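I have placed the structure first, in the form of structure tokens, so that the comments after it can refer back to it.
Chains as they are written, first to last, in the numbering used here: chain A, -4 to 194; chain B, -4 to 194.
Here is the structure:
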């Protein structure tokens, strides 16, 4: 194989969700395309990398130069609710479902011995200031329902617990919509029983 | 979502084997990476698009400026065998298995009423010249075992059938290695019976 093409395939294969076979197909499609798709993609990527930065307030990626992101600038979002998530893709998921209308705060990771993520790696330095400045009265943890997620949630709560008049909440655990008991794991079933609601 | 990021995700989602979810993860990984991976990928892509061209002889993509590809320049490949394939990924597959040591010829597609591929879209103009100039004595069709593949094969044969002293062959059809009869389709079984070998 031509070494230049081989290098390009290797670079694509290192992207998440791609293996060498998918990367080959992508590179082949890009190199054989005659509509300028490859140049457009490369230039859009260079432009994005040069201009997209995390919002200094919440961590959401934005291209507003040195300023706050769309969420932090939107006064209609200042409803006193702050949703703490792991990363930007969680924000996108929540926005698509349109269940939350407050502000976000991206941790940028979860505490994990395996991945070596330490408390200092979490984006929580300005969290107490945000609670004061933005009149936050409820903090909603929307972290993964895993050991790392819960550990991180407890740690973040311990850091900001001194803040008065703030309610903490987390997403409910239980049987998913359309979920068949047959296919549920024991952990979810146990959480669903513990959290059963009176009728 | 930030419009610049959204546009970039849409561009990635249009690549083969990628959907919008995988594209989101890829864009997020690239934008959050701090090792310059996104710039390197974009620049490698721009460089490849600017320098990679199909070999004028066989159609294999190469970055040798205006010249022949690695296969056509390699004298050890001039063994009189020419393997006709649909596209470059088939060349890569055959090269990985190391079963063929001759030269290739890429058609660039298969005749197809559905896809609208006409005889004039096939890269066969110089095929007769190649047979003469490169002393080809065997042409091996390694096209997909489908209606389109077989139709294309018959068409290409009719075009070059006037060439004397050239044997034509195609890949064998039958039960794949490790294949269980239980899981074989009727078409393959029928081909395997028709092509049964005496012992």
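Ideal Cβ positions, reconstructed from N, Cα and C, are used throughout, including at glycine.
No experiment lies behind these values; they were computed from the predicted model shown.
Inter-residue spacing [alpha-carbon to alpha-carbon] between residue 191 of chain A and residue 91 of chain A: 28 angstroms
Cβ-Cβ distance between residue 40 of chain A and residue 18 of chain B below 8 angstroms: no
Residue interval of the beta strand (DSSP E) (run including residue 162 of chain B): 162 to 165
Heavy atom of the ligand GTP within 7 angstroms of residue 176 of chain B beta-carbon: Absence of the ligand GTP is noted for the structure shown, with no ligands found whatsoever.
Below-8 angstroms beta-carbon distance, residue 139 of chain A vs any chain B residue: no
Beta-carbon separation (whole angstroms), residue 134 of chain B vs residue 77 of chain B, contact threshold 8 angstroms: 5 angstroms
Under 9 angstroms (Cβ pairs) to chain B, residues found in the segment 39 to 51 of chain A: 39, 40, 41, 42, 43, 44, 45, 46, 47, 49
DSSP state of residue 66 of chain A mapped onto helix, strand, coil: helix
Residue ranges of each alpha helix (DSSP H) within the segment 9 to 93 of chain A, 4 or longer: 15 to 27, 32 to 46, 65 to 68, 83 to 92
Environment of residue 35 of chain A [buried if 16+ CB atoms lie within 10 Å]: exposed
Distance, residue 148 of chain A Cα to residue 136 of chain A Cα: 7 angstroms
Classification of residue 66 of chain B by the beta-carbon crowding that lies within 10 angstroms, buried from 16 upward: buried
Residue 143 of chain A - containing alpha helix (DSSP H), residue span: 142 to 155
Residue 185 of chain A (DSSP reduced to helix, strand or coil): helix
Touching by the beta-carbon criterion (3+ pairs, under 8 angstroms), the segment 7 to 21 of chain A and the segment -1 to 6 of chain B: no
Pair within 8 angstroms by beta-carbon distance, residue 102 of chain B and residue 81 of chain B: yes
Chain-ordered chain B contacts of residue 58 of chain A [CB-CB under 9 angstroms]: -3, -2, -1, 0
Residue-chain proximity (residue 37 of chain B, chain A), Cβ-Cβ < 8 angstroms: yes
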